[in-house]
Amino acid sequence: MRLNDKLLGALGDSVRTPFYYYDMALLGKTLDEINRHTAGWPATVHYALKANGNPRLLAEILRHGMGADLVSGGEMEAALEAGFKPEMMAFAGVGKTDEEINLGLKHDVGCFNVESVPELEVINHLAGAMGTTARVALRVNPDIDAHTHRYITTGTADNKFGIALESLEQVIKLALSLPHIHLRGLHFHIGSQITQMQPYAMLCDTVNGLLDHYEKKGITFELINLGGGLGIDYGDPDGHPMPDFEAFFGIFKHGLKLRPGQQVHFELGRSIVGQCGSLITRVTYVKENRNKRFVIVDAGMTDLIRPALYEAHHKVENLTSTAAETQTYDVVGPVCESSDVFAHDCLLPLTARGDVIAVRSAGAYGESMASHYNMRRLPGCIFSNA
Ligand SMILES: *Cc1c(COP(=O)(O)O)cnc(C)c1O
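Quick note: to get the numbering used here, add 66 to the position in the sequence shown (first position is 1).
Okay, structure coming up:
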């Protein structure tokens, strides 16, 4: 069934827009597909809560056996509240505060993904003070070339994430020497919205090289965390409601030379929830300037900031117009910023005040990045029945 039919059934005139509409059946199918491709393999998927922390989505994700990837104490509280087991949590982030580390230690999270020597030392100190040991993976910056793969933004040498390859050995030795650190393994995350498989193949080569290198020195790892970053098709959400998980997991299944007993972790965010969400909004005005037509909707950058923040493209659809004639519009929000634009030169059927508009593929980094700017209300949410 198309989004139209499902959604408009749920949408009465009394429903306040804007809101996020989540297709729970698609979310369930996406999770099943992931489980199908990781079955029979020592792989665990931790869902990256920062993509969307909506409790209904978290419940569905937990029900499918996923763990949780967290980047703040607030996310840890949300994950605990949703029922995720600390054992199945990974705590990432370059700037964990003492309070956040203590929260993780108190619950004995499965893994702290550590990004620097000072952080490692603080975790060791705080764990000692609590009389416990922290389980840790070191986040490695694999310096995979951003120039040939423009989507990769977190895995190159000139950004803030991870430990540089050239200092890794020293940091591993330090981690092994600290009394309150249990070094479980290595962690990698090379970027987001990655739609080609080649960077992941390069990551496999890097990981294999590191495992060989350290094995010769008598150092082995129980855990390899390969991060997330798998992209979705923003241009054609109906044609590709799910990313190609078979290709994604296949690269690692075939490319990684895992040692006996070694586990792999993935941290997927966008690829799990991205396509199941749409931002639903009503047209407030249609306005014509000298050579542009604007559709002004009641959702703005406070509800979905990706277009304003990253010039991200989302497919925009008019769900209610029955006009055969089409027109080119800029679809814009009401917020007092020129960047508050959902789509430039968007071809829609003739659009009028009161029409219902869907901004597609908005399940990831939509609701979770919503703000109160202009003292606006946060968007609501409506769920299809799974
Ligand atoms: C954001 C993030 C993820 C999830 O990224 P997606 O692109 O949403 O899959 C995974 N791991 C880390 C460390 C992250 O920062």
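Each residue gets a CB set at the ideal place from its N, CA and C atoms; glycine is no exception.
All values derive from a computational prediction rather than experimental measurement.
Proximity to aspartate 369 [Cα-Cα], best of His438, Arg82 and Thr386: By 1-based counting over the sequence shown, the position of residue 369 is 303. Among His438, Arg82 and Thr386, the Cα nearest to that of aspartate 369 belongs to His438.
If we call anything under 8 Å between Cβ atoms a contact, is alanine 200 one with glycine 251? To locate residue 200, count along the sequence shown from 1; it is residue 134. To locate residue 251, count along the sequence shown from 1; it is residue 185. Cβ atoms of alanine 200 and glycine 251: not closer than 8 Å.
8 Å Cβ shell around arginine 122 - same chain, five flanking residues per side excluded: On the sequence shown, position 56 is the one that residue 122 refers to. Correct list, in chain order: Tyr88, Met90, Cys447 and Phe449.
Is methionine 268 closer than 8 Å to isoleucine 317 when the C-beta atoms are compared? Within the sequence shown, numbered from 1, the residue matching residue 317 stands at position 251. Within the sequence shown, numbered from 1, the residue matching residue 268 stands at position 202. Cβ distance not < 8 Å, so isoleucine 317 and methionine 268 don't count as in contact.
Per DSSP, which residues does serine 344 bridge with? Please list them. Locating residue 344 in the sequence shown gives position 278, counting from the first residue. Tyr87, per the DSSP bridge assignment.
Evaluate the contact criterion for the stretch 286 to 298 versus the stretch 325 to 338: three or more CB pairs, one atom per stretch, below 8 Å. yes
So what does DSSP say about aspartate 98, is it helix, strand or coil? Residue numbering aside, residue 98 sits at position 32 when the sequence shown is read from its first letter. Three-state result, aspartate 98: helix.
Just grab the DSSP bridge partners of methionine 155 for me. Working through the sequence shown from its first residue, we reach residue 155 at position 89. Beta-bridge pairing links methionine 155 to Ala134.
Straight-line Cα distance separating proline 373 from proline 108: As a working mapping, residue 108 is identified with position 42 in the sequence shown. As a working mapping, residue 373 is identified with position 307 in the sequence shown. Near 38 Å, if we compare the C-alpha coordinates of proline 373 and proline 108.
How would you write the range of the alpha helix (DSSP H) that phenylalanine 311 sits in, first residue to last? Reading the sequence shown from its first residue, position 245 is the one you call residue 311. Here the alpha helix (DSSP H) through phenylalanine 311 covers 311 to 321.
Isoleucine 338 and valine 422 - do their beta-carbons sit closer together than 8 Å? For the purposes of this step, residue 422 is identified with residue 356 of the sequence shown, where counting begins at 1. For the purposes of this step, residue 338 is identified with residue 272 of the sequence shown, where counting begins at 1. No, the Cβ-Cβ distance between valine 422 and isoleucine 338 is not below 8 Å.
At the level of alpha carbons, what is the spacing between valine 273 and lysine 323? Reading the sequence shown from its first residue, position 207 is the one you call residue 273. Reading the sequence shown from its first residue, position 257 is the one you call residue 323. Straight-line Cα distance between these residues: approximately 9 Å.
Taking DSSP as the reference, what is the three-state secondary structure of aspartate 406? Numbered from 1 along the sequence shown, position 340 holds the residue referred to as residue 406. Of the three classes helix, strand and coil, the one that applies to aspartate 406 here is coil, per DSSP.
Using the Cα positions of isoleucine 234 and valine 206, report the straight-line distance between them to the nearest angstrom. Reading the sequence shown from its first residue, position 168 is the one you call residue 234. Reading the sequence shown from its first residue, position 140 is the one you call residue 206. The residue asked about is misnamed: residue 234 is leucine in this sequence, not isoleucine. For leucine 234 and valine 206, the distance between alpha carbons rounds to 7 Å.
How is the beta strand (DSSP E) around glycine 119 delimited, first residue to last? On the sequence shown, residue 119 is found 53 positions in, with the first residue counted as 1. Careful: glycine 119 lies outside any beta strand (DSSP E) and carries neither H nor E.
Report whether the distance from the Cβ of glutamate 333 to the nearest heavy atom of ligand 1 is below 7 Å. Indexing the sequence shown from 1 puts residue 333 at position 267. Yes, since a heavy atom of ligand 1 falls inside the 7 Å radius drawn around the Cβ of glutamate 333.
Would glutamate 433 be called buried (16 or more neighbouring beta carbons within 10 Å of its own) or exposed? As a working mapping, residue 433 is identified with position 367 in the sequence shown. Buried is the call here.
Is the CB-CB distance between leucine 171 and alanine 193 below 8 Å? Sequence index remark: in the sequence shown, residue 171 carries index 105 (1-based). Sequence index remark: in the sequence shown, residue 193 carries index 127 (1-based). Yes; because the gap between Cβ atoms is below 8 Å, this pair is in contact.
Any heavy atom of ligand 1 inside 7 Å of the beta-carbon of serine 258? As a position in the sequence shown, residue 258 is number 192, starting the count at 1. Yes, since a heavy atom of ligand 1 falls inside the 7 Å radius drawn around the Cβ of serine 258.
Leaving out five residues on either side along the sequence, give the residues of the same chain with a beta carbon under 6 Å from the beta carbon of phenylalanine 314. Within the sequence shown, numbered from 1, the residue matching residue 314 stands at position 248. Counting only Cβ-Cβ distances below 6 Å, and skipping sequence neighbours, we find Leu296.
Restricting to Cα atoms, I'd like to know which of Arg325, Glu185 and Phe360 is closest to leucine 277. Here the question's residue 277 lines up with position 211 in the sequence shown. Taking only the C-alpha atoms, the option nearest leucine 277 is Arg325.
Short check: CB of proline 309 to CB of arginine 426, under 8 Å? Within the sequence shown, numbered from 1, the residue matching residue 309 stands at position 243. Within the sequence shown, numbered from 1, the residue matching residue 426 stands at position 360. It is not a contact, given that the beta carbons lie outside the stated cut-off.
Rank Cys270, Phe254, Phe227 and Ile189 by C-alpha distance to the C-alpha of alanine 241 and give the top, closest one. Stepping through the sequence shown from its first residue, residue 241 is reached at position 175. The residue with the shortest Cα to Cα distance from alanine 241 is Ile189.
Around the Cβ of aspartate 135, are there at least 16 other Cβ atoms within 10 angstroms (buried) or fewer (exposed)? Taking the sequence shown and counting its residues from 1, one reaches residue 135 at position 69. Label assigned to aspartate 135: buried.
Would a C-beta distance cut-off of 8 Å place asparagine 120 and alanine 156 closer than the cut-off? For the purposes of this step, residue 120 is identified with residue 54 of the sequence shown, where counting begins at 1. For the purposes of this step, residue 156 is identified with residue 90 of the sequence shown, where counting begins at 1. Taking 8 Å as the Cβ cut-off, asparagine 120 and alanine 156 do not qualify as a contacting pair.
Leucine 414 versus histidine 379: straight-line alpha-carbon distance, rounded: Start at 1 with the first residue of the sequence shown, and residue 414 comes out as number 348. Start at 1 with the first residue of the sequence shown, and residue 379 comes out as number 313. About 16 Å.
Any heavy atom of ligand 1 closer than 7 Å to the CB of lysine 172? Here the question's residue 172 lines up with position 106 in the sequence shown. Every heavy atom of ligand 1 is 7 Å or more from the Cβ of lysine 172, so no.
Nearest-angstrom Cα separation, counted from serine 182 out to isoleucine 229: Here residue 229 refers to the residue found at position 163 when the sequence shown is read from its first residue. Here residue 182 refers to the residue found at position 116 when the sequence shown is read from its first residue. Cα-Cα distance, rounded: 6 Å.
Could you tell me which residues DSSP pairs with aspartate 396 in its beta bridges? Taking the first residue of the sequence shown as position 1, residue 396 is located at position 330. Aspartate 396 is bridged to Phe360.
Nearest-angstrom Cα distance between valine 160 and lysine 381? Here residue 160 corresponds to residue number 94 of the sequence shown, with the count starting at 1. Here residue 381 corresponds to residue number 315 of the sequence shown, with the count starting at 1. Valine 160 and lysine 381: Cα-Cα distance of roughly 33 Å.
Please check the pair valine 398 and isoleucine 362, which I expect to be a contact at CB under 8 Å, by giving their CB distance rounded to whole angstroms. As a first step, residue 398 is located in the sequence shown; it is residue number 332 there, counting from the start. As a first step, residue 362 is located in the sequence shown; it is residue number 296 there, counting from the start. Valine 398 to isoleucine 362, Cβ: 6 Å. Contact.
In or out: methionine 142 buried (at least 16 other Cβ within 10 Å) or exposed? Within the sequence shown, numbered from 1, the residue matching residue 142 stands at position 76. Result: buried.
From Thr286, Lys358, Gly149 and Leu124, residue whose alpha carbon lies closest to that of threonine 394: Residue 394 sits at position 328 when you count from the first residue of the sequence shown. Residue Lys358 is the option with its Cα nearest to threonine 394.
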